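Residue numbers (my numbering), protein chains in the order written: chain P, 24 to 270; chain D, 68 to 469.
Structure first, then comments.
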Amino acid sequence: MTVGRTLPAAGPLVALRDITKVYQMGRVTVPALQGVSLEIAPGQFVAIMGPSGSGKSTLMNLIGCLDRPSSGTYLLDGQDVSRLDDDELADIRNRRIGFVFQTFNLLSRYTALRNVEMPMIYATVPRAERRRRALRALEQVGLAARVQHTPQELSGGEQQRVAIARALVNEPAILLADEPTGNLDSRSGEEILAVVQDLNARGITIAVVTHDRDVAQHARRILQLRDGRLVRDEPVPQPLVARPALA
Amino acid sequence: MDILESLSVALEALRAHKLRSFLTMLGVIIGVAAVIALVSVGQTARSSVVGEFASLGPDLLWVLPGKAKEDSPFPTEEARLTLTYEDARAIEREAVFAVEVTPMLQTSVEVTGSGRKTTTTVIGTTPNLLVVRDMALQAGRFLQESDMSRRRRIVVLGPSLAQRLYRVPRNAVGRKLTINGRAFDVVGILQPEGGILGVDLDDRAYLPLTTAQQLFNINYASFLFVKAKDVESVSRAERETERILLRKHGEEDFTVLTQSQLLVSLSAILGILTIALSSIAAISLVVGGIGIMNIMLVSVTERTREIGIRKAIGARRLDILTQFLIEAVGISLVGGILGMGAGLAISWGISLRLFHSVPTIAATLPVVVLAFSFSALVGVIFGVYPAWRAANLHPIEALRYE
Ligand SMILES: Nc1ncnc2c1ncn2[C@@H]1O[C@H](COP(=O)(O)OP(=O)(O)O)[C@@H](O)[C@H]1O
Ligand SMILES: [Mg+2]
């Protein structure tokens, strides 16, 4: 027995309890989430599915600490983050969360390298280490040869891989992706899924929002949302395996 | 985020819109240049005018027609001509401390000499002007008492007028000068005196007062010079002069000014003028600030998505705030530096032309420091609101912005 220090319980990485989110549109209130409870264990790969407007993005934004729930609690790695202020949430996003968007959301003026360095700038990582880690992250997503290219000089799939490198560079607890293949052709989408599966195989927890059944079949668990409620939660017995890029 | 990083981000943003940044800067450049130019020209004007008047001699008094109002040392009512040659003689006769009195009848007319025409200041006066004003001749003679009584048509020229008409001043003696169609003999040329308030004191023609009064058909003098016995008796001379004139006129329709009163009020007037002008200039700096605010609001709106991205990956409110604030202060500081250069160049140019001197470093340094810090302040004040707006954008809404 270790004395004086208790080991953290190997609990869930994400634990949502009775989460609701209500948007106020003038005098109309829009209930986007109505009592969602779920847990995601470390190392999981979940896909969140559901029809348009069912609350997938809202749920993702809450898990990603981009927003606060209207009620309910959210424990991220055991820490209650549902009542933190804006700057505390910014720190959580910076250090614990990696975000990948449907529209890539890279800064067009900057090179791939500079884009990947950005989260570390806000984490005040020294310049030299910043560079080293950004280069390694770009290498991990297979873009070692493209570090000095700006987004306009990259294909959609390459841009999304830069975004993934940016999401990973601060070694987050969880990688969140909202429709990461939505703007890509099927071949590039497959490449992105291969990268994501590879990361999951290395132990990174992943949550992907998609409305595409094929994409969801690459995960190990599928959550189904309808009208802001969780209506189904099932494992994927035989996940599909994406083929990595040829080059 | 470290300050170097913020600086490079701000610089990149400014470089991405070169023309826009420059035009915005122009507001600050003009404002700072105007403040610096006006204040330092004002200071040069003040010191050089004060110096010029001081050089006229500390024992000199002025008697001006018209009564001064309470708050001003100068006559403010419609200046009636009330002073005469007779007044000057009376003061000289009766006063103990006011030893010399010189009436001055001053007007600007066209004269012709050696076939050349020019406009100059013609002054009718008495022989004692030479003593009162401490002037000296370089050739010929000055006015004499006999010229006064005989109303002789003779004239004494300042060197620059003589030079303009006759080319070599000394050779002008014995030549003719035509004033109002009458021919005058040039009998003397004065030594150079210099200028005052940018007016060339050597561009003058002096006639006997009696001749001038007949020529222009006026019985009065524009003003009187009074010379006190010595520097210590200036205020006694002032009181004497007032008493004698009051008795002669029966009312106080004149104003006596000592040199020190004149200097104090001149200096005050120039100071107020400088402050008024530079306040107007400072307003243009505020207008420049509004330009910065405007362009920063545009910039924040254009970059809403960028702000959303930065926030999503962990930028705190302070990070966003400093990024945009540095951009605003960058515009105003660079504008301030350029404006400072322009302002100094302008003030040197003007001061050299008008006062034949340049502003001293000691005089300009405070203005420069002030204008520079003011321009930085303008950037902060007008940059804070746009930066605050940027910092408080909601990350999701910012990301959704098209
Ligand atoms: N900022 C918002 N303001 C008002 N209503 C919103 C906002 N964001 C989402 N909603 C509403 O909440 C519901 C869920 O939206 P969202 O989470 O984007 O769904 P999904 O991603 O599954 O398509 C929808 O009805 C949507 O219109
Ligand atoms: Mg969505």
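Here a beta-carbon is modelled for each residue, glycine too, at the ideal position from N, C-alpha and C.
All values derive from a computational prediction rather than experimental measurement.
For W415 (chain D), the closest of D:G403, D:M360 and D:A430 by C-alpha to C-alpha distance is D:A430.
Taking the beta carbon of Y97 (chain P) as reference, no residue of chain D falls within 7 angstroms; the closest one sits roughly 16 angstroms away. These are the residues, in chain order, with a beta carbon less than 6 angstroms from any non-hydrogen atom of ligand 1: P:Y46, P:M48, P:V53, P:A55, P:G73, P:S75, P:G76, P:S77, P:G78, P:K79, P:S80 and P:T81.
Look at V163 (chain D) here: in three-state DSSP terms it is coil, with no helix or strand label. Taking 7 angstroms as the cut-off between beta carbons, the residues of the segment 71 to 104 of chain P near chain D are N84, L89 and D90, in sequence order. Residue range V37 to M48 is occupied by the beta strand (DSSP E) that includes Y46 (chain P). Chain-ordered, the chain D residues with CB closer than 8 angstroms to the CB of P142 (chain P) read I380 and G381. Look at I374 (chain D): its C-beta is not under 8 angstroms from any C-beta on chain P.
Classified as buried, L329 (chain D) has 16 or more neighbouring CB atoms from the shown chains inside 10 Å of its CB. For chain P, none of the residues of the segment 115 to 127 of chain D brings a beta carbon within less than 7 angstroms of one of its beta carbons. The alpha-carbon of Q230 (chain D) is positioned some 21 angstroms away from that of R249 (chain D).
In the three-state DSSP reduction, T371 (chain D) falls in the helix class (H, G or I). Within 7 angstroms of the C-beta of D201 (chain P) there is at least one heavy atom belonging to ligand 2. Distance from the CA atom of G101 (chain P) to the CA atom of A64 (chain P), rounded to whole angstroms, is 12 angstroms. The beta-carbon distance between V104 (chain P) and L82 (chain P), rounded to whole angstroms, is 15 angstroms. This is too long to meet the 8 angstroms contact definition. The C-alpha of I393 (chain D) lies about 15 angstroms from the C-alpha of T91 (chain D). Taking 7 angstroms as the cut-off between beta carbons, the residues of the segment 69 to 93 of chain D near chain P are D69, E72, E79 and A83, in sequence order. In this model, I71 (chain P) and V185 (chain P) are separated by some 23 angstroms (Cα to Cα). Close to chain P, meaning a Cβ-Cβ distance shorter than 7 angstroms, is no residue of the segment 420 to 435 of chain D at all.
When the beta-carbon positions are compared, V69 (chain P) and R244 (chain P) come within less than 8 angstroms of each other. What R384 (chain D) touches in chain P, judged by beta-carbon distance under 9 angstroms, is D109, D110 and A113, going in chain order. Beta-bridge annotation (DSSP): T245 (chain D) is paired with D:T179 and D:A250. Boundaries of the beta strand (DSSP E) harbouring Q247 (chain P): R244 to R249, taken from the DSSP string. The Cβ-Cβ distance between F209 (chain D) and L197 (chain D) falls below 8 angstroms.
Restricted to the segment 154 to 232 of chain P, the beta strand (DSSP E) segments that are unbroken, complete and at least 3 residues in length are 197 to 201 and 228 to 232, listed in chain order. Cβ contact annotation for L364 (chain D) (same chain, cutoff 7 angstroms, sequence separation greater than five): P453, in chain order. Interface flag for I357 (chain D) against chain P is unset, since no Cβ pair is found closer than 8 angstroms.
Short of 8 angstroms from the beta carbon of T173 (chain P), and not among the five residues preceding or following it, lie these beta carbons of its own chain, in chain order: S131, R132, Y133, T134 and A135. Looking at the DSSP output, I221 (chain D) sits in a beta bridge with D:D252. In the DSSP assignment, P453 (chain D) falls outside any beta strand (DSSP E) and lies within the alpha helix (DSSP H) extending over I428 to A458.
Distance between H461 (chain D) and A83 (chain D), taken at the CA atoms: about 25 angstroms.
Looking only at D:G182, D:V76 and D:R113, the smallest Cα-Cα distance to T427 (chain D) is reached by D:R113. Excluding sequence positions up to five before and after L419 (chain D), its CB lies within less than 8 angstroms of the CB of V425, all in the same chain and listed in chain order. Taken in chain order, the complete beta strand (DSSP E) segments of 3 or more residues contained in the segment 79 to 150 of chain D are 127 to 132.
The beta carbons of A121 (chain D) and L291 (chain D) sit no closer together than 8 angstroms.
The beta carbon of A162 (chain D) is closer than 6 angstroms to those of E307 in its chain, skipping five residues each way along the sequence.
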